[in-house]
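Student:
Residue numbers (the working numbering): 2 to 166.
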């Protein structure tokens, strides 16, 4: 997976990711809300496959799935962070949005906004256009199967995938 880095710090909450003023059944409205209150120029500049890079406690706050839907509608490829709020991580996983943690959270400092990144799921590394090779923590096999199935509901619709290796 290849994309540009959008870098954030610690404690990025779901109301920052997707402000309540953009809650809607209209997907275009939800899409436009991504990080809108933080930087209204960000969402139009996103290219499919871009990655969100975060610090500690990424996705804290509300359990509403609109933040996940906005990320997916904007075709964010993955989120790599020091760690995630558990409810955000589960919502993202259940919707097949890969969330991966740094093996060493200090490696966040190696990434700058706009930098081109390559996420390699085979060896769980994130490679930067400046030559850094950052080790990531692989999630469990069941989480990976949820991603591969396209989400938890899709996995449950295809029960033989649940028990497969």
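Even glycine gets a Cβ: it sits at the ideal position worked out from N, Cα and C. It should be emphasised that the depicted structure is a prediction, and the values quoted were computed from it without experimental measurement.
1. Between residue 15 and residue 65, which are expected to be in contact by the criterion C-beta below 8 Å, what is the C-beta distance as a whole number of angstroms?
2. Counting beta carbon pairs with one atom in the segment 4–20 and one in the segment 52–71, are three or more of them shorter than 8 Å?
3. Starting from residue 66, follow the alpha helix (DSSP H) in both directions and report where the run begins and ends.
4. Give me, in chain order, the residues of the same chain whose beta-carbon lies closer than 7 Å to that of residue 134; leave out the 5 immediate sequence neighbours on both sides.
5. Comparing alpha-carbon positions, which option in 6, 47 and 28 lies nearest residue 80?
6. Hey, could you find the ends of the beta strand (DSSP E) residue 19 is sitting in?
7. State the Cα-Cα distance for the pair residue 3 and residue 122, rounded to the nearest angstrom.
8. Leaving out the 5 sequence neighbours to the left and right, which residues in its chain are closer than 7 Å to residue 28 when beta-carbon positions are compared?
9. Is residue 19 near the ligand ADP, going by C-beta to nearest heavy atom under 7 Å?
10. Just to confirm before moving on: does the CB-CB distance between residue 102 and residue 82 stay below 8 Å?
Tutor: The answer reads as follows:
1. About 6 Å separates the CB atoms of residue 15 and residue 65; that is less than 8 Å, so the two are in contact.
2. By the criterion of at least three beta-carbon pairs nearer than 8 Å, the segment 52–71 is in contact with the segment 4–20.
3. Going by DSSP, residue 66 is part of no alpha helix (DSSP H) at all; its letter is neither H nor E.
4. Contacts found: 126 and 128.
5. Considering only alpha carbons, the answer is 6.
6. Neither: residue 19 is in no beta strand (DSSP E) and is coded neither H nor E.
7. Taking the straight line joining both Cα atoms gives about 11 Å.
8. Residues 74 of the same chain have their beta carbon placed closer than 7 Å to that of residue 28, with the five preceding and five following residues left out of the count.
9. In the structure shown, the ligand ADP is absent, as is every other ligand, since no ligand is present at all.
10. Against a cut-off of 8 Å, the Cβ pair of residue 82 and residue 102 comes out as a contact.
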